[in-house]
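Participant: Okay, here's the structure, questions in a sec.
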Amino acid sequence: MFDQNTLDRFLASIGGLSDWPTKGRDFLDNEISEVERILPNLSNDEIVKHYRRLSFLAHLVQWGCLPLSDTKTQAYRQCRDFYVEAEKLAFGERFVRMQIEWQGKVLWGNLHFPASAQPNGKIPLIVLVHGMDDVKEEHLASELLFEQAGFAVFCIDGPGQGETFLLDGVTWPEDFEAAIIESVNALRAYPQLDVDHYAVVGISWGGMWAYKIAAKDPRAAAILDLGGPVDSREFDKLPFFLKSKFCQILDVASIELAHSTAKIFNIRDDALLRNVKANVHIVHGDRDPIVSTADKMWLRDALRQMSGNDQVKLTVYRDGDHCCTQHVKEVRGIASAEFLDVYRKRTRSHGVQAGPAMDALPSME
């Protein structure tokens, strides 16, 4: 999604974190001007490529761990808008920008449909739940890999995340998982989608919440956990930029409140783990500076013991960083095959009826 040349030039233009937003803003403006200059001569595919590149570049300008500012907010809007324009051009009616109502608040998500359904006429669904310093638009590479494997992919900015936090000021609640489950319910507006047997891809902090979702919603059939912490109790050991982001999204204004809040956000909970019946694949990088391999081994063993679920496995990449970013394509490919296998087994056992044909998709305006 993002060529190395652009990344190298972007980083070279920035002197340090203090001038990241302003220097990044200047670089982005120049890149936008250049694309606007050549736009009349570009093909549709070339426009999509450039808009996706500009979206990710704008995301870099508003990097999640930077302080809140007008520059950050403006850059996020551009990240979102270039993303939406690119996906409309690339997918037409197979892309939807979804608005979800939850507890009087508005959540936003991106939904990609695959080119065809399964033999039963239904489309298997992956729900992508990202981390605390992410935005939904930065996960396009994963969305496209899963879409190409035959899944509808729904990536949402839940409360406290991305657009919902940056533009609407909605912070992260203790019952975050309820917002995601309600968002899945909203996808019933598209009857081709099989929301009764969906998979959850949890990335970073989203990996922790994947288990909370599955414990509350038996429709969650499978989990890919990429870098999910098991708790946030060791708040004092977090790097400063993660401490600041933690306090931002949770609306924490004191060290006492930070410590009390951190104790709530964990999955070292026998009752919770006992209710996770989904197939689980934990993928972990042994060089992850945030989540330890020992924690993930504990989680694997605890899930097997507490829930009696033998469909839990752990893969450790010895060279892997946080979320194993060096292995994006490989991990998504393995997960797609596993998700599809789980989906077919569950739908056969549940006797899923065929849905409407793909050309009968409802209006996605």
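Counted from 1, the sequence shown has number 13 at position 13 by full-length UniProt numbering; the numbering is strictly sequential. Just so you know, even glycine gets a beta-carbon here, dropped at the ideal spot from N, CA and C.
Applying the criterion that 16 or more other CB atoms from any shown protein chain within 10 Å of the CB defines a buried residue, is Val-106 buried or exposed?
Facilitator: So Val-106 ends up on the exposed side.
Participant: Mind checking Arg-268: buried by the 16 CB within 10 Å criterion, or exposed?
Facilitator: Result: exposed.
Participant: Threshold first: 3 residues or longer. Then list the beta strand (DSSP E) segments lying entirely within the segment 43-69, N to C.
Facilitator: You should have found no qualifying run.
Participant: Could you spell out where the beta strand (DSSP E) holding Lys-313 opens and where it closes?
Facilitator: Segment 312-317, the beta strand (DSSP E) holding Lys-313.
Participant: Opposite His-327 in the DSSP bridges: which residues?
Facilitator: Paired residue(s): none; His-327 is not in a bridge.
Participant: Are the beta-carbon atoms of Lys-245 and Met-132 separated by less than 9 angstroms?
Facilitator: Yes; because the gap between Cβ atoms is below 9 angstroms, this pair is in contact.
Participant: Can you list, in chain order, the residues of its chain whose CB lies under 6 angstroms from that of Pro-124, leaving out five sequence neighbours each side?
Facilitator: Excluding sequence neighbours, Pro-124 sits near Phe-151, Asp-194 and Tyr-343.
Participant: According to DSSP, Ile-14 sits in a beta bridge with which residue or residues?
Facilitator: For Ile-14, which the question treats as bridged, DSSP gives no partner whatsoever.
Participant: What does the alpha-carbon distance come out to for the pair Phe-339 and Ala-199?
Facilitator: When rounded, the distance between both Cα atoms is 7 angstroms.
Participant: List the whole-angstrom C-beta distance separating Val-276 from Tyr-190, where the pair is believed to meet the contact cut-off of C-beta under 8 angstroms.
Facilitator: Contact flag wrong, Cβ pair sits at about 27 angstroms.
Participant: Considering just the uninterrupted stretch of the alpha helix (DSSP H) at Leu-303, what are its terminal residues?
Facilitator: Start and end: 293-307.
Participant: If you compare alpha carbons, which of Ser-336, Asp-157 and Thr-293 is closest to Asp-321?
Facilitator: Asp-321 has its Cα closest to that of Thr-293, out of Ser-336, Asp-157 and Thr-293.
Participant: Suppose contacts are defined by Cβ-Cβ distances below 9 angstroms. Is Leu-111 in contact with Ser-336 by that definition?
Facilitator: Not in contact: Leu-111 and Ser-336 (Cβ atoms no closer than 9 angstroms).
Participant: Sort Asn-279, Phe-154 and Cys-155 by Cα distance to Ala-221 and report the nearest one.
Facilitator: Among Asn-279, Phe-154 and Cys-155, the Cα nearest to that of Ala-221 is on Asn-279.
Participant: Going by Cα to Cα distance, which pick from Val-291, Arg-300 and Ser-307 is closest to Cys-324?
Facilitator: That would be Val-291, whose Cα lies nearest to the Cα of Cys-324.
Participant: Closest to Ser-204 by CA distance: which of Gln-78, Arg-97 and Asp-288 is it?
Facilitator: Comparing Cα-Cα distances from Ser-204 to each of Gln-78, Arg-97 and Asp-288, the minimum goes to Asp-288.
Participant: From which residue to which residue does the alpha helix (DSSP H) around Gly-24 run?
Facilitator: Segment 20-38, the alpha helix (DSSP H) holding Gly-24.
Participant: Across which residues does DSSP place Phe-154 in a beta bridge pair?
Facilitator: DSSP output for Phe-154 lists Leu-111 and Val-127 as bridge partner(s).
Participant: In its own chain, which residues sit with a C-beta less than 6 angstroms from the C-beta of Asp-157, not counting the 5 before and 5 after it?
Facilitator: Here the set comprises Trp-108, Lys-136, Glu-163 and Thr-164.
Participant: Quick one: what does DSSP say Arg-9 is sitting in, helix, strand or coil?
Facilitator: Here Arg-9 sits in helix by DSSP.
Participant: Provide the residue span of the alpha helix (DSSP H) that contains Gly-92, from first to last.
Facilitator: Careful: Gly-92 lies outside any alpha helix (DSSP H) and carries neither H nor E.
Participant: If distances are taken between C-alpha atoms only, which option among Gly-169, Lys-313 and Gly-202 comes closest to Phe-154?
Facilitator: Comparing Cα positions, the closest option is Gly-202.
Participant: Rounded to the nearest angstrom, what separates Pro-356 and Ser-183 at their Cα positions?
Facilitator: Any reading at Pro-356 must be qualified, since the residue scores a pLDDT of 46, below 50, and its modelled position is unreliable; no value is offered.
Participant: Pull the bridge partners of His-197 from the DSSP assignment, please.
Facilitator: According to DSSP, His-197 bridges with nothing at all.
Participant: Less than 9 angstroms separating the beta-carbons of Asp-231 and Met-208?
Facilitator: Yes, they are a contact pair.
Participant: For the beta strand (DSSP E) containing Leu-144, list its first residue and its last residue.
Facilitator: Note, Leu-144: premise wrong, no beta strand (DSSP E); alpha helix (DSSP H) at 140-148.
Participant: Using only the alpha-carbon positions, how far apart do Lys-122 and Arg-37 sit?
Facilitator: Each residue's alpha carbon lies about 43 angstroms from the other.
Participant: For Lys-105, does the three-state DSSP call read helix, strand or coil?
Facilitator: Strand, per DSSP.
Participant: Can you tell me whether DSSP reads Gly-285 as helix, strand or coil?
Facilitator: In the structure shown, Gly-285 sits in a strand (DSSP, three-state: E or B).
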